[in-house]
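Q: Residue numbers for the sequence shown follow UniProt numbering, so the first one is 1 and each next one is one higher.
Glycine is no exception: its CB is placed at the ideal position from the N, C-alpha and C atoms.
Predicted, not measured: the structure shown is a model, and the values here were computed from it.
One structure, as structure tokens, below. Some questions next.
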Amino acid sequence: MATSEPKAAETEDQQTDSQVVANPEQYIKHPLQNRWALWYFKNDKSKSWTENLRLISKFDTVEDFWALYNHIQQPSKLGFGCDYCLFKDGIKPMWEDDRNKLGGRWLMTLNKQQRHNDLDRYWMETLLCLVGESFDEASEDVCGAVVNVRPKGDKIAIWTSNCQNRDAIMTIGQLYKERLNLPIKAMIGYQSHDDTSSADRSYSVL
């Protein structure tokens, strides 16, 4: 019995040391290759477009990404006229930004039925493609992604920096379609921002 008490005390000390080591604040976070900014847009006709755009948060680690993702509403729960935009830090989610003005976007349009079946899953995979740099060297051409929630059908787009860089564009489109596991008949189209703003529109389709 005399020898059991010191052992018990030693065990308590070990538990204390273990608790200190297991302090969550001492965990090492896993850095992402880029720092990202999540924006939210709500269409209020009484305000200007820039006033309707609000920065939610920035992150540059895997853990902070998931903390943010799990905290916000899914796209399917947003009201019509609302957008989420995830862009590399320093790039604003607008065509006029210097990194966007010569670029374009891969665009996927979803029908109304897909809002509850596919929208949230496709958006999550899109985010993971971006923060995980899933497009190999072509990831350098990626500026960000946007999800638009609209009455007639929702849209998800990946924005790229240079609409003339065809190799990077096709790599991004092909890998993106594979990552989403889209049906063979499903198509996504690429369009330059200049074409988007003009009546004469042209697409590259996968």
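Starting from Trp66, trace the alpha helix (DSSP H) in both directions and tell me its first and last residue.
A: It spans 62-69 - the alpha helix (DSSP H) in which Trp66 sits, taken as one unbroken run.
Q: Taking 8 angstroms as the threshold (beta carbon to beta carbon), is Gln164 in contact with chain D?
A: Structure shown: chain D not included; a single protein chain is present.
Q: Taking the beta carbon of Thr50 as the centre, do at least 16 other beta carbons fall within 10 Å, making it buried, or is it exposed?
A: Under this definition Thr50 is an exposed residue.
Q: For Phe41, collect the residues of the same chain with a Cβ closer than 6 angstroms to its Cβ; drop the 5 residues on either side in sequence, then sort them by chain order.
A: So the list reads Asn52, Leu53, Asp83, once near-sequence residues are dropped.
Q: Please go through the same chain and pick out, in chain order, the residues whose beta-carbon is closer than 6 angstroms to the beta-carbon of Val62, but skip the five residues on each side of it.
A: Around Val62: His30.
Q: For Met108 versus Ile184, is the C-beta spacing smaller than 8 angstroms?
A: Taking 8 angstroms as the Cβ cut-off, Met108 and Ile184 do not qualify as a contacting pair.
Q: Can Tyr190 and Ile156 be called in contact, C-beta distance under 8 angstroms?
A: Not a contact, by the Cβ cut-off of 8 angstroms.
Q: In terms of residue numbering, what span does the alpha helix (DSSP H) encompassing Ile172 cover?
A: Per DSSP, Ile172 belongs to the alpha helix (DSSP H) from 166-180.
Q: Would you kindly work out how many angstroms separate the C-alpha atoms of His193 and Asn111, rounded to a whole number?
A: So the two alpha carbons sit approximately 23 angstroms from each other.
Q: Rounded to the nearest angstrom, what separates Phe87 and Asp44 at their Cα positions?
A: Approximately 22 angstroms, taken between the alpha carbons.
Q: Run the CB neighbour count on Asp167, radius 10 Å, all protein chains shown included, and call it buried at 16 or more, exposed below.
A: Exposed, because fewer than 16 other Cβ atoms sit within 10 Å of the Cβ of Asp167.
Q: Put Lys77 into one of helix, strand or coil per three-state DSSP.
A: In this structure, Lys77 counts as helix in the three-state DSSP scheme.
Q: Out of curiosity, what's the CA-to-CA distance linking Asn148 and Gly81?
A: Cα-Cα distance, rounded: 7 angstroms.
Q: Helix, strand or coil for Tyr122 per DSSP?
A: Helix at Tyr122.
Q: Between which two residues does the beta strand (DSSP E) containing Trp106 stretch?
A: Note, Trp106: beta strand (DSSP E), 104-109.
Q: Near Ser204, which residues of its chain fall below 6 angstroms by C-beta distance, leaving aside the five closest residues on each side in sequence?
A: For Ser204, where only same-chain residues beyond five positions count, the Cβ hits under 6 angstroms are Tyr190.
Q: Go through its chain and collect everything with a Cβ distance to Leu206's Cβ below 7 angstroms, but skip five positions before and after it.
A: Around Leu206: Gly173, Gln174, Lys177, Met187, Ile188.
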